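For reference, the structure discussed in these notes is given below.
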Amino acid sequence: MSLPAHSICVFCGSRPGARPAYMQAAHDTGAMLARNGWQLVYGAGDVGLMGEVARTAQAEGGRTFGVIPEHLFPREVGKRDLSTFVVTETMHERKKVMFMNCDAIVMLPGGAGSLDEFFEVLTWRQIGLHTKPILLLDTEGYWNPLLALIGHMVDEAFAAPSLRDFVTPVADVAALETALKTAFA
Numbered sequence: 016m017s018l019p020a021h022s023i024c025v026f027c028g029s030r031p032g033a034r035p036a037y038m039q040a041a042h043d044t045g046a047m048l049a050r051n052g053w054q055l056v057y058g059a060g061d062v063g064l065m066g067e068v069a070r071t072a073q074a075e076g077g078r079t080f081g082v083i084p085e086h087l088f089p090r091e092v093g094k095r096d097l098s099t100f101v102v103t104e105t106m107h108e109r110k111k112v113m114f115m116n117c118d119a120i121v122m123l124p125g126g127a128g129s130l131d132e133f134f135e136v137l138t139w140r141q142i143g144l145h146t147k148p149i150l151l152l153d154t155e156g157y158w159n160p161l162l163a164l165i166g167h168m169v170d171e172a173f174a175a176p177s178l179r180d181f182v183t184p185v186a187d188v189a190a191l192e193t194a195l196k197t198a199f200a
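Numbering (our numbering), first residue to last: 16 to 200.
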């Protein structure tokens, strides 16, 4: 198998969420990554949205690069049948390995862990440690409160207006695909 043209880090929930649209978006994202020859970089779990993205990418012939800390292996059902499988000691090390092995970051719906991942890469972007695209797949408006919070931080002068520019919301997987193609052009 040849090396992927690009690697996309997908941060998302280890749960399926309350709406079927979230799992559908995860499925469609996995298929879209494989279709474009882009490698999925993700948290190596086989549960929730992250499991759906990975299983679909694999089923469609895509490459998968999973990173999981030892302590989450049982909870997230570590998926060993990936193209690349890395076990780390800590959550921070997991995020670093995922980030270092990607060209762009995509956020699907998720919980506190996904927000932790998001704010770390956003902070790294804010302080000039990278220029990788950060895209929010805003399935059924899931990320609207987060986008409002970022706007509030800027409006209240706790962040520069450029913070808004570091995050690109997209409404659906078709718009996500277009945004990634534009970023890689």
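Glycine included, C-beta positions come from ideal geometry on N, C-alpha and C. These numbers come from a predicted model, not from an experiment.
Cysteine 27 and leucine 64 do touch by the CB rule: their CB atoms are close to 4 Å apart, below 8 Å. Separation of valine 82 and phenylalanine 100 (C-alpha to C-alpha, rounded to the nearest whole angstrom) is 6 Å. Contact check for alanine 74 and alanine 198: beta-carbon distance about 25 Å, past the 8 Å limit, so the pair fails to qualify. Setting aside the 5 residues that flank it on each side, glutamate 67 is surrounded in the same chain by Met38, Ala41, His42, each with a C-beta closer than 6 Å to its C-beta; the list follows chain order.
Exclusion of the five residues before and after valine 169 leaves Ala175, Pro176, Leu178, Arg179 as the residues of its chain whose Cβ lies within less than 8 Å of its Cβ. Note on the region 120-172: whole beta strand (DSSP E) runs with a minimum of 3 residues are 149-152, in chain order. Between valine 102 and glutamate 85, the C-beta spacing is below 9 Å. Taking histidine 21 as the centre and dropping the five residues before and after it, the same chain places the C-beta of Trp53, Asp118, Phe199 closer than 6 Å to its C-beta, in chain order. In this structure, the straight-line span from the alpha carbon of threonine 146 to that of aspartate 96 is close to 31 Å. Taken in chain order, the complete alpha helix (DSSP H) segments of 4 or more residues contained in the region 32-95 are 35-50, 63-74. The beta carbons of proline 124 and threonine 154 sit closer together than 9 Å. DSSP places phenylalanine 114 in the uninterrupted alpha helix (DSSP H) bounded by 106-115.
Annotation for arginine 140: Thr146, Lys147, Ile149, Phe181 place their beta carbon closer than 8 Å to its own, counting only its chain and skipping 5 residues before and after.
No residue range can be given for phenylalanine 181, since it is assigned to no beta strand (DSSP E) and is classified by DSSP as neither H nor E. In this structure, phenylalanine 114 and serine 98 do not form a Cβ contact; the two beta carbons are roughly 18 Å apart against a cut-off of 8 Å.
Beta-bridge annotation (DSSP): valine 188 is not paired with any residue. Here alanine 36 has Thr154, Glu155 as same chain residues with Cβ atoms under 7 Å from its own Cβ, once five neighbours each way along the sequence are excluded. The shortest CA-to-CA distance from histidine 107 to any of Ala189, Val121, Val136 is the one to Val136.
According to the DSSP assignment, cysteine 27 belongs to no beta strand (DSSP E), since it is labelled neither H nor E.
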